[in-house]
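Data first, discussion second: the structure below is written as structure tokens.
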Amino acid sequence: MSADQLSALSDTLFSTSVGLYSLAVVAFCAQLAFGRRPVQERELVGAAGTGAPAGPSRPDALPADPPAVRRWGRVAVLLTAAGALTHAGVLVARGLATDRLPWGNMYEFATAVVLVAVVAYLVFAVRSPGLRHLGLFVLGPVVLSMVAIGLFLYVQSGPLVAALRSSWLAVHVSTAILGFGIFFVSGIASVLYLVRSRYEERGGGADGGVLGRLPSAATLDRVAHRTAVFGFPIWTFAVIAGAIWAESAWGRFWGWDPKETWAFIAWVVYAAYLHARTTAGWRGRPAAWVNVVGLGVMVFNLLYVNMVSTGLHSYGGVN
Amino acid sequence: MTTTAPPRPEAAPTPPARPSAARRLGAFALRQWRRLTAMRTAIVLLFLLALAAIPGSLLPQRSLSQSAVGQYFADHPTLAPVLDRLYLFDVFSSPWFAAVYLLLFVSLIGCVLPRALEHARALHTPPPPAPRRLTRLPDSARLPTPLPPAAALDAVEEELRVRRYRVVRREREGGAELSAEKGLLKETGNLVFHLALVALLLGLAGGKLWGYEGSILVTEGQRFCNAFQQYDTYSAGAMVESGDLSPLCVGLEDFRAEYEQDLTAASFTADVTYGAPGEEGRSTTIGVNDPLRVDGDRVYVTGHGFSPRFTVTLPDGTTFDDVSAPFLPTEQSTMASEGALKLPDLGAGADDQLALQGFFAPTGLVQAGVLTSIDPRPLAPQVAVVAFRGYLGLDSGLPQSVYSLDASQIERGRLAEVGRANLSVGESMTLPDGTTVAFTGYSEFAAVQVSHDPGQLWVLGAAVAVLAGLLGMLLLRRERVFARAAADPGGGTVLDVGALTRGSGDGAPRFAALTDDLRAVLAARAPTRTPPSDGAAPQTGGAPA
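Protein chains in written order, with full-length UniProt numbering: chain E, 1 to 319; chain R, 1 to 545.
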């Protein structure tokens, strides 16, 4: 295939991914809709679970779902996985079309970040089925982000500018994408934790509804913390790798360029989150808010710094 | 945020003797110190640090762009001086930013040093005795076994040593007991992370104090040496003396810019020669992402541009051949450039100076008399020049830009326009007094930066240590396992096992695996009361989980 055909294929796959993710959102909605059951039943099954010799019951070990729920859940996860495959195809086709790593501009970067978030969710969904119920809340923002990326950030595939032609692109940008995608999932888990913990404080409500189908607040908090713990060293590495690259590209390893400044701010905020989660008076909701602020900083760093401020990182290619 | 340390029993109960002023001052200082080194304070300081960095990215900074700050002053004449007084154009070197991070680091050191001492002690101390009630631990199990207590504990000890626990056995009233511990590296990682941050800050500070940076525009064929008076702009740390600069001279032989078909810049490379002053010099090629590194100095190409050349011929026949000045690119995608050529020594008097202000287009296109550039490559260079005659004000004592004329001289009428034209290479224009200005060609120049930062390797090492410490701190767990064996009045032994995990995740699955293995080992070692099939192998390592 020629480069033009590959670019066109990449664009088609992008639309396909958005379509598949949207269908997955519908399936997740169906799963939640069929999941309305009295709370009592769940407690009963949960109590039976503690008899197992493995130890105390796990809060995320949800009881067996009715068949309809399980079916919709499986369909939703499969659709998500199919979407992730075509989504990866978007980047692969772009990479082949341009003969370079497919993260040379904001469109490609943001597309890759969203892919990491989807894959991170899929890993959770496969490893602990109780967390599948998060799907709607991950895939919803994912679809919104993809649409926004397609509408506002799209640029034609093209060659890299001279400054980006370095092997550090593979190291620095890949890890930044990875860290961002993981923080994305962590931030969503914290938002859901905030919602769910308020719901639990109010006593749960009779039939639960969508909130009742969410994993428990404790589980959400743990998911948020674990993903942040996983993302933080990756982000640290991305910043360090960026500094090493900057030393050979821009003549200094750190110069408070707006992107660098916001990467630093994000690092400090996530450091604060990890501390807050183990500090009396900050545990729980305050710590979760810190994590949400962290995600806000990451998004701000992507959008504002690339599109509004002028700095050395202005590779967005968006006019 | 009022109480940070647990309330301490202070010497209050005896009212009559008030503590002396020194004691009270000491107590106050101690209280403040505890408050500063508390984790809550650290979190607040982290937030302050993040907040303090924000204006540095929203407002123009002198360290990034002097001209952007100047523009801000022009746009906001009343607000800018106020912001300037608050150091908001130099956020990252401002006293208040320094105050935040220094407080944070004092807090960090105050928090980490005691922990480091405690950790050093812990490394040489055996694991603590088992708590009285093992069932109160987060994970616990009771394993009955027909083995005698000592043999049961032997089995547990072996199993734990295989898992690389440090194990201590104690005889106490309740029976023989065992304490085991592993994962002390987690705390080591924590300490390495925090201390490496301090090292990183020191490296940064050292690099700032003893480092310098100079920039210069070098035209092809020119050469410069590493000395502050040669640079167009430079900045140097407080500890740098101009005599300390390393002896290095760099000459630009050839500069090349290459473009893709869609005019994306593909590469900028410069062939340079370098060496000590007086030396012959070695030649090398540098480019974007590929600086020259020599003896702690780094030489970068940070930009490029064109210097149009002119030949000026006076009416009396005197010629000034190929005078040129660098024109700065105003638009990177087309390399449209602007600049000025000042010729103060042309005429007889101070009011007879000549200057050309112009616009250079590497590939020019004239539409309705207006020259624009359509391509960054020099395919059809053209200039649009305006000639001025009069007094340039160069010796007025006021600094002025090399790249433009002093507008105030034009406003005051001391410089008057005497002609303008669009010229291609080889064309010329004649001024009213008969002077001719010919556009003879162009040279390329490179913006070269020389940097020296003795701290950067130190910073790199510290950053690697930060990352290593972080990985150890976040990925390792500190686990303690306790076991107590007591003889069961009904025969055999009651073995209690409990575990305590500090770190990510929960210990339940691993504890379940441990007790499963223990059950298997105990069953394997049990005297052949059960079918004799597997009683023969007491050393079963890992049973199926």
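No residue lacks a Cβ here, since even glycine has one placed at the ideal position from N, Cα and C.
Expressed to the nearest angstrom, what Euclidean distance is found between the alpha-carbon atoms of residue i and residue j?
i: VAL239 of chain E; j: SER174 of chain E; result: 11 Å
i: ALA272 of chain E; j: HIS452 of chain R; result: 34 Å
i: LEU91 of chain E; j: GLY278 of chain R; result: 54 Å
i: GLU213 of chain R; j: ARG510 of chain R; result: 55 Å
i: ALA8 of chain E; j: TYR107 of chain E; result: 15 Å
i: ASN301 of chain E; j: ALA50 of chain R; result: 13 Å
i: LEU379 of chain R; j: PRO362 of chain R; result: 6 Å
i: GLU507 of chain R; j: ASN291 of chain E; result: Here the sequence assigns Gly to residue 507 of chain R, which means Glu is not the residue at that position. If I take the Cα positions, the gap works out to 24 Å.
i: VAL69 of chain R; j: GLY287 of chain R; result: 29 Å
i: THR80 of chain E; j: SER15 of chain E; result: 14 Å
i: LEU44 of chain E; j: ARG34 of chain R; result: Per-residue confidence for LEU44 of chain E stands at a pLDDT of 39, beneath the threshold of 50, marking its modelled position as unreliable; the derived number appears in the next sentence. About 49 Å.
i: PHE359 of chain R; j: THR311 of chain R; result: 17 Å
i: GLY3 of chain E; j: GLY426 of chain R; result: Per the sequence presented here, residue 3 of chain E reads as Ala, with Gly not at that position. Distance between the alpha carbons of ALA3 of chain E and GLY426 of chain R is about 43 Å.
i: GLY296 of chain E; j: ALA224 of chain E; result: 15 Å
i: LEU178 of chain E; j: ALA407 of chain R; result: 52 Å
i: VAL459 of chain R; j: LEU415 of chain R; result: 53 Å
i: CYS29 of chain E; j: LEU96 of chain E; result: 36 Å
i: THR435 of chain R; j: THR319 of chain R; result: 10 Å
i: ALA152 of chain R; j: LEU500 of chain R; result: 21 Å
i: LEU204 of chain R; j: SER333 of chain R; result: 35 Å
i: LEU122 of chain E; j: ARG132 of chain R; result: 44 Å
i: ALA227 of chain R; j: LEU25 of chain R; result: 53 Å
i: ARG222 of chain E; j: PHE109 of chain E; result: 28 Å
i: SER242 of chain R; j: HIS313 of chain E; result: 33 Å
i: LEU217 of chain R; j: ALA199 of chain R; result: 36 Å
i: LEU101 of chain E; j: TRP289 of chain E; result: 35 Å
i: VAL143 of chain E; j: SER22 of chain E; result: 6 Å
i: LEU58 of chain R; j: VAL82 of chain R; result: 16 Å
Here's the rule I'm using: 16 or more other beta-carbon atoms within 10 Å means buried, otherwise exposed. How should residue i be labelled?
i: LEU13 of chain E; result: buried
i: GLU177 of chain R; result: buried
i: GLY174 of chain R; result: exposed
i: GLN31 of chain E; result: buried
i: GLU159 of chain R; result: buried
i: ALA52 of chain E; result: Unreliable positioning characterises ALA52 of chain E in this predicted model, as indicated by a pLDDT of 37, which lies under 50. A coordinate reading is not provided.
i: ARG165 of chain E; result: buried
i: GLY213 of chain E; result: Note that residue 213 of chain E corresponds to Arg in the displayed sequence, not to Gly. Classification of ARG213 of chain E: buried, given that the 10 Å Cβ count is 16 or more.
i: residue 550 of chain R; result: Because chain R spans 1 through 545 in this model, residue 550 of chain R falls outside it and cannot be assessed.
i: PHE306 of chain R; result: buried
i: ASN1 of chain E; result: For the sequence presented, residue 1 of chain E should be read as Met rather than Asn. The residue in question, MET1 of chain E, is exposed, as its Cβ has fewer than 16 Cβ neighbours within 10 Å.
i: GLN71 of chain R; result: exposed
i: VAL402 of chain R; result: exposed
i: LEU85 of chain E; result: exposed
Cβ-heavy atom distance between residue i and the ligand ZN below 6 Å?
i: ALA180 of chain R; result: The ligand ZN is absent from the structure shown, which contains no ligand whatsoever.
Thinking residue i and residue j are a contact (beta carbons under 8 Å), I'd like their distance in whole angstroms, please.
i: LEU123 of chain R; j: LEU184 of chain R; result: 6 Å
i: PRO454 of chain R; j: GLY206 of chain R; result: 7 Å
i: ALA120 of chain E; j: GLY135 of chain E; result: Contact flag wrong, Cβ pair sits at about 12 Å.
i: SER309 of chain E; j: PRO258 of chain E; result: 5 Å
i: ARG420 of chain R; j: VAL464 of chain R; result: Rounded, the Cβ-Cβ distance is 59 Å, inconsistent with contact.
Check whether the Cβ of residue i lies closer than 7 Å to any Cβ atom in chain A.
i: GLN449 of chain R; result: Reference to chain A is not applicable here, since the protein chains of this structure are E and R.
Mind checking who residue i pairs with in its DSSP beta bridge?
i: VAL383 of chain R; result: R:PHE360, R:LEU423
i: TYR21 of chain E; result: Per DSSP, none; premise fails for TYR21 of chain E.
i: HIS304 of chain R; result: R:ALA446
i: CYS29 of chain E; result: Answer is none; CYS29 of chain E lacks a bridge partner.
i: LEU143 of chain R; result: R:LEU495
i: PRO95 of chain R; result: DSSP, once it has assigned bridges, lists no residue as partnering PRO95 of chain R.
Subject >> the stretch 270-279 of chain R in contact with the stretch 238-257 of chain R per 3-pair CB rule at 8 Å >> reply: In short, these stretches touch, since the Cβ pair count reaches three.
**OP:** Would you check if there are 3 or more beta carbon pairs closer than 8 Å linking the stretch 146-161 of chain E to the stretch 257-270 of chain R?
**Re:** Cβ pair count under 8 Å is three or more, so yes.
Subject >> Cβ contact check for the stretch 477-484 of chain R and the stretch 204-213 of chain R: 3 or more pairs under 8 Å >> reply: Touching, no.
Original post:
Counting pairs of Cβ atoms below 8 Å between the stretch 354-361 of chain R and the stretch 394-403 of chain R, do you hit three or more?
Top reply: No: fewer than three Cβ pairs fall under 8 Å.
**OP:** Determine contact between the stretch 436-454 of chain R and the stretch 184-193 of chain R, defined as no fewer than three beta-carbon pairs at a distance below 8 Å.
**Re:** With the cut-off at 8 Å, the stretch 436-454 of chain R and the stretch 184-193 of chain R do not touch.
**OP:** Check whether the stretch 138-148 of chain R touches the stretch 493-500 of chain R, taking contact to mean three or more Cβ pairs, one atom from each stretch, closer than 8 Å.
**Re:** Put simply, the stretch 138-148 of chain R touches the stretch 493-500 of chain R. At least three CB pairs are less than 8 Å apart.
Original post:
Within the chosen definition, does the stretch 110-120 of chain E reach the stretch 145-153 of chain E through at least 3 CB pairs nearer than 8 Å?
Top reply: The stretch 110-120 of chain E, when compared against the stretch 145-153 of chain E, does touch it at the 8 Å Cβ threshold.
Original post:
Counting Cβ pairs closer than 8 Å, one from the stretch 63-80 of chain R and one from the stretch 261-279 of chain E, do we hit at least three?
Top reply: These segments do not touch.
Original post:
Is the stretch 339-348 of chain R touching the stretch 363-372 of chain R, taking contact as three or more C-beta pairs under 8 Å?
Top reply: Counting Cβ pairs under 8 Å, fewer than three are found: no touch.
Original post:
Any chance the stretch 470-480 of chain R sits against the stretch 240-253 of chain E, with 3 or more Cβ pairs inside 8 Å?
Top reply: Using a C-beta cut-off of 8 Å, the stretch 470-480 of chain R makes no contact with the stretch 240-253 of chain E, since fewer than three inter-stretch Cβ pairs fall below that distance.
Original post:
Counting Cβ pairs closer than 8 Å, one from the stretch 99-112 of chain R and one from the stretch 73-89 of chain R, do we hit at least three?
Top reply: Touching, no.
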